[in-house]
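Report on the following structure.
Protein chains: 2
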Amino acid sequence: MLEYGNLRKNLNPHVSVDCVIFGFDFQELNVLLIEREEGYIEGNSSSKPARGALALPGDHIHEDEKLDQAGARVLKELTNLDNIFLEQFHAFGHPNRVKNEADRKWMKTIRAEPNARVITVAYYSLVRLDRYNPQASSFAKHAAWFPVSDIPELAFDHNLIVMRALEAIRRTLMNQPIGFELLPPKFTLSQLRRLYETILGKELEKRNFRRKILKKDFLIPLEEKQTGVPHKAARLFQFDKEKYESHQTEKYDFTF
Amino acid sequence: MLEYGNLRKNLNPHVSVDCVIFGFDFQELNVLLIEREEGYIEGNSSSKPARGALALPGDHIHEDEKLDQAGARVLKELTNLDNIFLEQFHAFGHPNRVKNEADRKWMKTIRAEPNARVITVAYYSLVRLDRYNPQASSFAKHAAWFPVSDIPELAFDHNLIVMRALEAIRRTLMNQPIGFELLPPKFTLSQLRRLYETILGKELEKRNFRRKILKKDFLIPLEEKQTGVPHKAARLFQFDKEKYESHQTEKYDFTF
DNA sequence: ATTCCAAAGTGTTAATATTACACTTAGTTA
DNA sequence: TAACTAAGTGTAATATTAACACTTTGGAAT
Numbered sequence: 015m016l017e018y019g020n021l022r023k024n025l026n027p028h029v030s031v032d033c034v035i036f037g038f039d040f041q042e043l044n045v046l047l048i049e050r051e052e053g054y055i056e057g058n059s060s061s062k063p064a065r066g067a068l069a070l071p072g073d074h075i076h077e078d079e080k081l082d083q084a085g086a087r088v089l090k091e092l093t094n095l096d097n098i099f100l101e102q103f104h105a106f107g108h109p110n111r112v113k114n115e116a117d118r119k120w121m122k123t124i125r126a127e128p129n130a131r132v133i134t135v136a137y138y139s140l141v142r143l144d145r146y147n148p149q150a151s152s153f154a155k156h157a158a159w160f161p162v163s164d165i166p167e168l169a170f171d172h173n174l175i176v177m178r179a180l181e182a183i184r185r186t187l188m189n190q191p192i193g194f195e196l197l198p199p200k201f202t203l204s205q206l207r208r209l210y211e212t213i214l215g216k217e218l219e220k221r222n223f224r225r226k227i228l229k230k231d232f233l234i235p236l237e238e239k240q241t242g243v244p245h246k247a248a249r250l251f252q253f254d255k256e257k258y259e260s261h262q263t264e265k266y267d268f269t270f
Numbered sequence: 015m016l017e018y019g020n021l022r023k024n025l026n027p028h029v030s031v032d033c034v035i036f037g038f039d040f041q042e043l044n045v046l047l048i049e050r051e052e053g054y055i056e057g058n059s060s061s062k063p064a065r066g067a068l069a070l071p072g073d074h075i076h077e078d079e080k081l082d083q084a085g086a087r088v089l090k091e092l093t094n095l096d097n098i099f100l101e102q103f104h105a106f107g108h109p110n111r112v113k114n115e116a117d118r119k120w121m122k123t124i125r126a127e128p129n130a131r132v133i134t135v136a137y138y139s140l141v142r143l144d145r146y147n148p149q150a151s152s153f154a155k156h157a158a159w160f161p162v163s164d165i166p167e168l169a170f171d172h173n174l175i176v177m178r179a180l181e182a183i184r185r186t187l188m189n190q191p192i193g194f195e196l197l198p199p200k201f202t203l204s205q206l207r208r209l210y211e212t213i214l215g216k217e218l219e220k221r222n223f224r225r226k227i228l229k230k231d232f233l234i235p236l237e238e239k240q241t242g243v244p245h246k247a248a249r250l251f252q253f254d255k256e257k258y259e260s261h262q263t264e265k266y267d268f269t270f
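Protein chains in written order, with the numbering used here: chain A, 15 to 270; chain B, 15 to 270.
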């Protein structure tokens, strides 16, 4: 392994984007992981991916491409989705991010020198599971959802990146109504509450949640009701982005 | 200007760090800006810097250097300060960040190709003005404090970076007690309040602020009082970091 | 010594927000 | 038609917020 270190040329680092794509299946929060192309891990004939064979979708930033564009491109190539919530949250650049054999080999598949340093700009994205359609992609054999509570060992420092993304999404969830990006346009209040509970990892009292979120006044109650449930059907609501943005009033309050 | 565009080689982008260093003089929030070395702006003989001659302190990331280390190094070289609050907040990578003649020429002073793309990882830092001692630095002729309310035109996209840093610091100020980094170890509650007012750009009611911040229970009241003021001397307080960190209790509350 | 000045320091009340908590309703399935 | 399951609802006790004005203290000026 060490032999690579001495070969490194004095070049600028590669720069990539990686996307932590979250999806919510009404039970758990999931992350979309790709299985890297076969052939770069020796002796892996089993059907389940080898340790570290899974990774976050990512790619090098193209020349003349904005960072956000690169993120959107990766997302699009993998999911065929446009106009998706996507937010940069951190750059990762430890000089030894690319450390093991498998990672180095994979570098070639993205046309990078195997010994180069890679600095990555990480994004998190929120997609509705029902909109997601797996796409053949240049950087992935398969892609699959994994619950955040049970992420396997990933390539590079991607486990760290997922953790940081989770922290970022939790922080943001309390300050901006981003949760709606993970739900269908019409949803029940219980679905919304379960989403919050899942992301925050904490139970929320039904009546208080209901009152609190309805007071915000950006949920439009519809006449429509849930169908196909074996119990009393819940009323459906819609998120009114316009209203949220107009009502926007900066609040001064210590939360520390 | 256009002639540079065609010369760009197909190389990885340069990667730099830039630091938005904030200081508080009990009146205003200030940012430390450097005046770039002379000679790269033609016909600038006046004593005050030409438009765009001012910039955020920054430098390329060294090989085998972590991003945070690079930020700390830039800070240290300019201020001779160690162990200063420093936090990454965003990466900027617009392909045309380096656009004008002066910026391109300056690239050479930091040993970069003048036509290269530069992606920068931006940090904000909070320093006590009284601790700051300007240092000769490899990338700056002078450095000087400028009030955030009156930042001149800067090099590259540094005006944008300063704005984003301000937004980041405002956000963080409400969620973590970072304000103390800008005050001397012993301070009065009025000084603390004015700091908050300055950063948030909003007046805060004296009695309510006092009650609210004291209830947090991480301010140690000292027996000592302010000296040298032409009115009743205020009691001095100290921030108790230990206590803050132990009391830390995650809070669930929508602020949107 | 006395007065003046400027900011420090202090308490109450009304309105609002938060928490904790249990029963009834409605739709589906057996 | 009975059983099941989640939806939907209200209240009371407590805590927090916002608005508001006067007294105290120490130094500076006369």
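In this text, a Cβ means the ideal position worked out from N, Cα and C, and glycines have one as well. Being a predicted model, the structure only gives us computed values, none of them experimental.
Is there a Cβ of chain B sitting closer than 8 angstroms to that of Glu79 (chain A), yes or no? yes
My guess is that Leu43 (chain B) and Thr212 (chain B) are in contact by the Cβ rule of under 8 angstroms, so how many angstroms apart are they, rounded? 5 angstroms
Can you tell me where the beta strand (DSSP E) with Glu237 (chain B) in it begins and where it stops? 233 to 239
Between A:Ala247, A:Leu92, A:Leu233, which lies nearest to Asn147 (chain A) when the distance is taken from Cα to Cα? A:Leu92
Cα separation between Ile165 (chain A) and Arg224 (chain B)? 45 angstroms
At a cut of 8 angstroms, does the segment 241 to 260 of chain B reach the segment 235 to 247 of chain A through at least three beta carbon pairs? no
Closer than 6 angstroms by C-beta to Asp39 (chain B): which residues in its own chain qualify, once you throw out the five before and the five after it? Chain order, please. Leu143
How would you label Arg111 (chain B), buried or exposed, when you count the other beta carbons within 10 angstroms and need 16 or more for buried? buried
Within chain A, the residues that Pro191 (chain B) reaches when beta carbons sit closer than 7 angstroms: Phe270
Segment contact, 8 angstroms Cβ cut-off, at least three pairs: the segment 110 to 127 of chain B with the segment 219 to 234 of chain B: no
Residue span of the beta strand (DSSP E) that contains Arg249 (chain B), given as start and end: 249 to 253
Taking Cβ positions, are Lys200 (chain B) and Gln252 (chain B) nearer each other than 8 angstroms? yes
Is there a C-beta anywhere in chain A that falls below 8 angstroms from the one on Ala116 (chain B)? no
Under a CB-based cut-off of 8 angstroms, is Gln252 (chain A) close to chain B? no
Our contact map puts Leu70 (chain A) next to His172 (chain A) with C-beta atoms below 8 angstroms; I'd like the distance itself, whole angstroms only. 5 angstroms
Euclidean distance between Cα positions of Ile98 (chain B) and Ala84 (chain B): 13 angstroms
Three-state class that DSSP yields for Val141 (chain A) in the structure shown: strand
If contacts are defined as beta-carbon pairs under 8 angstroms, then Ala182 (chain B) and Phe103 (chain B) qualify, I think. What distance do you get, rounded to the angstrom? 4 angstroms
By the 10 Å Cβ neighbour count, where 16 or more other Cβ atoms means buried, how is Thr134 (chain A) classified, buried or exposed? buried
Candidates A:Cys33, A:Asn114, A:Val45, A:Leu68: closest to Asp82 (chain A) by CA position: A:Cys33
Applying a beta-carbon distance threshold of less than 8 angstroms, which residues of chain A neighbour Met188 (chain B)? Tyr266, Asp267, Phe268, Thr269, Phe270
Member of B:Val45, B:Arg207, B:Glu77, B:Asn26 whose CA lies at the smallest distance from the CA of Ala179 (chain B): B:Val45
To the nearest angstrom, report how far apart Leu206 (chain B) and Met188 (chain A) are at their CA atoms. 26 angstroms
Find the nearest neighbour of Ser204 (chain A) within the set A:Ala126, A:Ile227, A:Asp267, judged by alpha-carbon distance. A:Ile227
For the segment 75 to 134 of chain B, list the beta strand (DSSP E) runs that are entirely contained and at least 3 residues long, ordered along the chain. 99 to 106
Look at the alpha carbon of Val176 (chain B) and the alpha carbon of Ala64 (chain A), and state the distance between them as a whole number of angstroms. 45 angstroms
Between the segment 191 to 219 of chain A and chain B, which residues of the former have a C-beta closer than 7 angstroms to a C-beta of the latter? Pro191, Leu214, Lys216
When we look at the beta-carbon of Arg50 (chain A) and count the other beta-carbons within 10 Å, is it buried (16 or more) or exposed? buried
According to DSSP, what are the bridge partners of Glu49 (chain B)? B:Leu68, B:His156
Listed by chain order, chain B residues near Ala105 (chain A) by CB distance under 7 angstroms: Leu81, Gln102, Ala105, Val135
Could you tell me if Arg131 (chain A) is buried or exposed, where buried requires 16 or more neighbouring beta carbons within 10 angstroms of its beta carbon? buried
Minimum Cβ-Cβ distance from Lys226 (chain B) to chain A less than 8 angstroms: yes
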